[in-house]
Amino acid sequence: MKIKALFFAGRRLAVGFGLVIGGWLSLAGLAVARPRVVVTTTLIADWVGQVGQDRIQLSSLLQPGVDPHVYEPTPADAAALEQADLVFYNGYNLEPGLIRLIEATAQGARRVALAEILEPIVADEDGIPTPDPHVWGNVENVILMVEHIAQELTEQVPNEAAFFQANAAAYRAELEELHTWIGEQIPTIPPANRVLVTTHDAFAYYTQAYGLKMGGSLLGISTEEQPSAQTVAQLVEEIRALGVPAVFAETTLNPALIQTVAAEAGVQVAEQELYSDSLGEAGSGAETYVAMMRLNTCTIVAALGGSPDCP
460 MKIKALFFAG RRLAVGFGLV IGGWLSLAGL AVARPRVVVT TTLIADWVGQ
510 VGQDRIQLSS LLQPGVDPHV YEPTPADAAA LEQADLVFYN GYNLEPGLIR
560 LIEATAQGAR RVALAEILEP IVADEDGIPT PDPHVWGNVE NVILMVEHIA
610 QELTEQVPNE AAFFQANAAA YRAELEELHT WIGEQIPTIP PANRVLVTTH
660 DAFAYYTQAY GLKMGGSLLG ISTEEQPSAQ TVAQLVEEIR ALGVPAVFAE
710 TTLNPALIQT VAAEAGVQVA EQELYSDSLG EAGSGAETYV AMMRLNTCTI
760 VAALGGSPDC P
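Per my numbering, residue 460 is the first one in the sequence shown, and the count goes up by one each step.
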């Protein structure tokens, strides 16, 4: 009888131990179910975060205010990419240093160039046709990229498909409202003033989508090279000929560049800098993509003589 009792006691202990181990494995499984998602820019981090929320482990390699065109990757970036399950980056050479690192490091991850699912505007960079990477200037492009993000996250965690799709649908509604709102603000600018002059050529998608013209910029679609004296002189003449009331600096670039041009051309630099390649820091009013686009639009419309519907 003692042996039998010991047998059943041992069996209960084994079953109990098995339940504990099983519980640990279940918890571990839940942890693994949250894919490690690494993104390059703050813009992409916002879009992915809107869809994935707490069902993913999200990290962004770039912080607010950092210029992706000239960013040099760090060992910490390489370590993050080596551990990633899924990597989202812009593509079209927006972040050349990080793209090289992704291609060399993130071998075990699914790698997605979001901008490259879209047909680009092709710019002429020193006689070379070059895809413009700043696709987010048109909100409709972001809607398409968000749908793609939801699909990619669903492939990583199929049992969260409904969650991801619901979040994407809710965000799409917010983006559609934003797209409509921008389209209502630009027409308040006097027709002769609907020309945008900026530090670098990051707003072609915005101007094309919402009824403005690009009046010139000091730099091309990349910020890797500094403008020549000839480029500065040409832009000064263009601004004088256009007769625009204001030109615009950008948060990721030295404002002295455009301030010099504005002073020579006899126009003002808008008081608020535009957010182009990065979201703003906490408290900036441009912490999210939607907030950034609203702030940029309010800045542009007001500086060019329009009447924006802004707080």
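By construction, the Cβ of each residue, glycine as well, lies at the ideal position given by its N, Cα and C atoms.
Alpha-carbon to alpha-carbon, P527 and G675: Walking along the sequence shown from the start, residue 675 turns up at place 216. Walking along the sequence shown from the start, residue 527 turns up at place 68. The straight-line gap from Cα to Cα measures roughly 21 angstroms.
Label A722 either buried or exposed according to how many other C-beta atoms from any shown protein chain fall within 10 Å of its C-beta, with 16 as the threshold for buried. Taking the sequence shown and counting its residues from 1, one reaches residue 722 at position 263. Classification of A722: exposed, given that the 10 Å Cβ count is below 16.
Here's the rule I'm using: 16 or more other beta-carbon atoms within 10 Å means buried, otherwise exposed. How should T639 be labelled? The residue given as residue 639 occupies position 180 in the sequence shown. Per the 10 Å Cβ criterion, exposed.
Here's the rule: buried if 16 or more other CB atoms are within 10 angstroms of the residue's CB, otherwise exposed. What is S735? Start at 1 with the first residue of the sequence shown, and residue 735 comes out as number 276. The residue in question, S735, is buried, as its Cβ has 16 or more Cβ neighbours within 10 Å.
Give the secondary structure of T690 by DSSP, where H, G and I count as helix, E and B as strand, and everything else as coil. The residue you call residue 690 lines up with position 231 of the sequence shown. Helix at T690.
Would you report the Cα separation of G670 and A568, rounded to the nearest angstrom? Taking the sequence shown and counting its residues from 1, one reaches residue 670 at position 211. Taking the sequence shown and counting its residues from 1, one reaches residue 568 at position 109. Cα to Cα, G670 sits roughly 40 angstroms from A568.
Would you identify the three-state DSSP class for Y548, choosing helix, strand or coil? Along the sequence shown, one-based indexing puts residue 548 at 89. Three-state DSSP puts Y548 in a strand.
How long is the line joining the alpha carbons of A473 and A628, rounded to whole angstroms? For the purposes of this step, residue 473 is taken as residue 14 along the sequence shown, with counting starting at 1. For the purposes of this step, residue 628 is taken as residue 169 along the sequence shown, with counting starting at 1. At A473, the pLDDT of 38 sits below 50, so the modelled position is not reliable; the number obtained from the coordinates is stated separately. Those two C-alpha atoms are separated by around 48 angstroms.
May I ask you to verify whether the segment 577-597 touches the segment 539-552, counting CB pairs closer than 8 angstroms and requiring at least 3? yes
Just to confirm my understanding: we take V703, look at its own chain, exclude 5 residues before and 5 after, and list those with CB closer than 8 angstroms. What are they? Your numbering for residue 703 matches position 244 in the sequence shown. Closer than 8 angstroms at Cβ, skipping near neighbours: N652, V654, V656, G674, V726, L763.
Short of 6 angstroms in beta carbon distance, which residues of its chain neighbour G765, apart from the five on each side in sequence? Order them along the chain. If you number the sequence shown from 1, residue 765 lands on position 306. Result list for G765: T647, I648, in chain order.
Could you give the first and the last residue of the continuous alpha helix (DSSP H) run that contains D505? Start at 1 with the first residue of the sequence shown, and residue 505 comes out as number 46. 501-511 is the span of the alpha helix (DSSP H), which, as asked, contains D505.
I'd like the list of long-range same chain contacts for T756, defined as Cβ closer than 6 angstroms, with 5 residues on each side in sequence excluded. To locate residue 756, count along the sequence shown from 1; it is residue 297. Excluding residues within five positions, the ones whose Cβ falls inside 6 angstroms are I641, Q644.
Would you tell me roughly how many angstroms separate the C-alpha atoms of I480 and A620, rounded to the nearest one? By one-based count along the sequence shown, residue 480 stands at place 21. By one-based count along the sequence shown, residue 620 stands at place 161. Here the model assigns I480 a pLDDT of 34, short of 50, so the residue's position is not dependable, and the following value carries that caveat. So the two alpha carbons sit approximately 29 angstroms from each other.
Can you look up V760 in the DSSP assignment and give me helix, strand or coil? In the sequence shown, the residue the question calls residue 760 occupies position 301. Helix, per DSSP.
Per DSSP, what are the beta-bridge partners of M673 in this structure? Sequence index remark: in the sequence shown, residue 673 carries index 214 (1-based). Its beta-bridge partners are L655.
Using 10 angstroms around the beta-carbon of E562, count the other beta-carbons present and answer buried if the total reaches 16, otherwise exposed. Counting from 1 along the sequence shown, the entry for residue 562 is found at position 103. Exposed is the call here.
For R570, three-class secondary structure by DSSP: Looking up residue 570 in the sequence shown gives position 111. It is a strand residue.
Could you pull the start and end residues of the alpha helix (DSSP H) that V616 belongs to? Here residue 616 refers to the residue found at position 157 when the sequence shown is read from its first residue. No alpha helix (DSSP H) holds V616; DSSP gives it neither H nor E.
Using DSSP with H/G/I as helix, E/B as strand and the rest coil, what is R493? Sequence index remark: in the sequence shown, residue 493 carries index 34 (1-based). Three-state DSSP puts R493 in coil, outside helix and strand.
How close, in whole Å, do the beta carbons of F622 and R514 come, if the pair is a contact with beta carbons under 8 angstroms? Start at 1 with the first residue of the sequence shown, and residue 622 comes out as number 163. Start at 1 with the first residue of the sequence shown, and residue 514 comes out as number 55. Indeed they touch by this definition, with Cβ atoms about 6 angstroms apart.
So N626 and V510 are supposed to be a Cβ contact under 8 angstroms. How far apart are they, rounded? As a working mapping, residue 626 is identified with position 167 in the sequence shown. As a working mapping, residue 510 is identified with position 51 in the sequence shown. Yes, N626 and V510 are in contact; Cβ-Cβ is about 5 angstroms, under 8 angstroms.
Simplified DSSP assignment, three categories, for E771: This structure leaves residue 771 out entirely; the chain is present only between 460 and 770.
Name the one or two DSSP bridge partners that G584 has. The sequence position of residue 584 within the sequence shown is 125, counting from 1. Reading off the sequence, residue 584 comes out as Glu, not Gly. Beta-bridge pairing links E584 to I587.
Within 8 angstroms, do at least three Cβ pairs link the segment 532-544 to the segment 738-757? no
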